[in-house]
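Scroll down for the structure; my scribbles are underneath it.
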DNA sequence: CGCGCCGTTGATATTATTCAAGACCAGTGG
DNA sequence: CCACTGGTCTTGAATAATATCAACGGCGCG
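Here it is in structure tokens:
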């Protein structure tokens, strides 16, 4: 369905962006990472984290707008967002784009390459970001030796599928208002889970990107944000969002047409 | 996002439908199954197929309309469609439904339970069907012993994620006409892959179910099928579809707005 | 300080939905 | 065998939602 067709393979055959830094024994170690319990090593014992680190080769730094990988690039690694945020974008044969994911620290990026061994979508940084690289080369071997890794990966794959189904529900059966409300609540919950304020945050996507994510045009997103602002649901100043009336926002999502 | 919330857990705590039959040495063996190369054991060696069979306990027969599992049911097994077809349906807190998948022989059903260990969606038979049951109990153990299984499962999970992203592209950025054309072409390709005619087939879903799948209302689906019929793209007689002009159907999907 | 992207807002156009009526079809029971 | 019934499908007309087109304001960056 909706085949994304023959992606032009970029000449960058590694699919990996330039600025890779050796991980060494830096503070980037999972053991000291604040996102540990949201990320792949959630629930890992100390020794298991050490084992995981044996296959973690490097980290990648990305400048705002830079691509982590492009559509069609060979699937060489999974990436865990450490700092910043990324979007993933699927494109159709005729060039239409759909933002399929908004990834923040602790999220895994690149799972879309597991089926065909090529990335079906592209991933790029919405702000200066940093990702931990999990090379796929020895991943399956490592999974066999480290059941916690196997289990964690299954958990994350399952969550991704569930989340995508939730997104299909949103795109297939919700009105514009409900979509935007659901989007804001989703962001809110995810920021909370990461120890940030659930009420105040900064959007990292443009109105157009949000629109693409939600299946709406940028003007519609803009209008609705204004409307929510008027209605006292949120305060909007450019990309700065402050949620004022969380309950009513929730109601908006759950209203039965 | 778009949380599917607290699913009422059905009193059927097994999540498995009634008519289970022991698999024994019946002709249901993967080695003799026509869908083998589309299904989990794709690429398996003979011995690996034997190994896989050691964890395949039973099969399930479903009558048209019967549920394989309901939303909220504990995740006890994966299912491979052997005969017939199923739909998977995700529902929101307020009761809206979204058909998230249409599964035919060789397809795996139930992956949505891997994240939370509960099925987020429901699966039910669109016609009298039969599924092979892959209990999850020993699945991870077995994967470690049988790399081919591990690899196959990863492949299928990755394909599911890619397909879902394709669906998000369809729902988020295509017009009604394009969606329906893409749907018909997808069915066509999948029937062909299974050795059936790519030009003539019978829809197993009602207009309403197709609409739910494509994010459209049943009337819209009906109108468009009529329009395609008028336009000489397909012949439609109820659920019987005959594709007349495949190239033009493809063009319809790829038209740039 | 100017240029380009981003965001807002209004007017209008288009698309898909909603509401409504009726046809068709398969299965059921008289 | 036929009539009945419920679910499904088709089609039309009116309506609502969202997209499109267009103009402008503002902010940030070079």
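Residue numbers (the numbering used here), protein chains in the order written: chain A, 1 to 257; chain B, 1001 to 1257. Glycine included, C-beta positions come from ideal geometry on N, C-alpha and C. These numbers were taken from a predicted model, which means no experiment stands behind them.
- Counting only the Cα atoms, residue 1163 of chain B lies some 19 Å from residue 103 of chain A.
- In this structure, DSSP gives residue 89 of chain A an extended state, which the three-state scheme calls strand.
- Take the alpha-carbon of residue 1128 of chain B and the one of residue 1170 of chain B: they are about 29 Å apart.
- In this model, residue 1037 of chain B and residue 1043 of chain B are separated by some 7 Å (Cα to Cα).
- It is roughly 31 Å from the alpha-carbon of residue 1084 of chain B to the alpha-carbon of residue 100 of chain A.
- Here DSSP, grouped into helix, strand and coil, assigns residue 1044 of chain B to coil.
- The region 1144-1194 of chain B is shown to contain whole alpha helix (DSSP H) runs of 4 or more residues at 1147-1173 and 1176-1193, in chain order.
- Annotation: residue 221 of chain A is outside any beta strand (DSSP E); the continuous alpha helix (DSSP H) that includes it extends over 218-230.
- The distance from the Cβ of residue 1152 of chain B to that of residue 1056 of chain B is about 13 Å, inconsistent with a contact at the 8 Å cut-off.
- Straight across, the Cα-Cα distance linking residue 115 of chain A with residue 131 of chain A is about 22 Å.
- Taking 7 Å as the threshold, the shortest C-beta distance from residue 251 of chain A to chain B does not fall below it.
- Nearest CB-CB separation between residue 1150 of chain B and chain A: below the 7 Å threshold.
- Assigned with DSSP and collapsed to three states, residue 33 of chain A falls in coil, not helix or strand.
- Under the Cβ criterion of 7 Å, residue 1161 of chain B is counted among the residues facing chain A.
- When 9 Å is used as the limit between beta carbons, residue 1184 of chain B is near no residue of chain A, the shortest such separation being about 10 Å.
- Distance between residue 1244 of chain B and residue 1202 of chain B, taken at the CA atoms: about 15 Å.
- Burial state of residue 1105 of chain B is buried, judged by a 10 Å Cβ sphere holding 16 or more other Cβ atoms.
- In the DSSP assignment, residue 1101 of chain B forms a beta bridge with B:1088.
- Around the C-beta of residue 1138 of chain B, fewer than 16 other C-beta atoms lie within 10 Å, and the residue is accordingly described as exposed.
- Cα atoms of residue 1121 of chain B and residue 185 of chain A: separation of roughly 21 Å, rounded to the nearest angstrom.
- DSSP, read as helix, strand or coil, puts residue 1212 of chain B in helix.
- Of all residues in the region 1167-1184 of chain B, the ones placed with a Cβ closer than 8 Å to any Cβ belonging to chain A are 1167, 1168, 1169, 1170, 1171, 1172, 1173, 1174, 1182 and 1183, in chain order.
- With 16 or more other Cβ atoms from the protein chains shown falling within 10 Å of its own Cβ, residue 87 of chain A counts as buried.
- In the assembly as shown, residue 1094 of chain B is an exposed residue. Its beta-carbon has fewer than 16 other beta-carbons within 10 Å.
- Taking the beta carbon of residue 129 of chain A as reference, no residue of chain B falls within 8 Å; the closest one sits roughly 21 Å away.
- Closer than 8 Å at the C-beta level to chain B, one finds these residues of the region 200-218 of chain A: 212, 213, 214 and 215.
- Against chain B, a Cβ distance below 8 Å from residue 70 of chain A picks out nothing, because the smallest value is about 15 Å.
- If you look at residue 249 of chain A, you'll find it in the alpha helix (DSSP H) that goes 246-254.
- Taking a cut-off of 8 Å on C-beta distances, the region 1190-1205 of chain B does not touch the region 189-198 of chain A, as fewer than three cross pairs fall below it.
- By the neighbour-count criterion, in which a residue is buried when 16 or more other Cβ atoms sit within 10 angstroms of its Cβ, residue 1237 of chain B is exposed.
- In terms of beta-carbon proximity, residue 92 of chain A lines the interface with chain B, with at least one pair separated by less than 7 Å.
- With a threshold of 7 Å between beta carbons, residue 1082 of chain B makes no contact with chain A.
- Contact annotation for residue 144 of chain A against chain B: 1143, 1144, 1145, 1147 and 1150 [CB-CB distance below 9 Å, chain order].
- For residue 123 of chain A, the enclosing beta strand (DSSP E) stretches over residues 121-125.
- For the pair residue 1058 of chain B and residue 1029 of chain B, the Cα-to-Cα distance works out to about 11 Å.
- Between residue 66 of chain A and the set A:96, A:72 and A:124, the nearest pair of CA atoms involves A:124.
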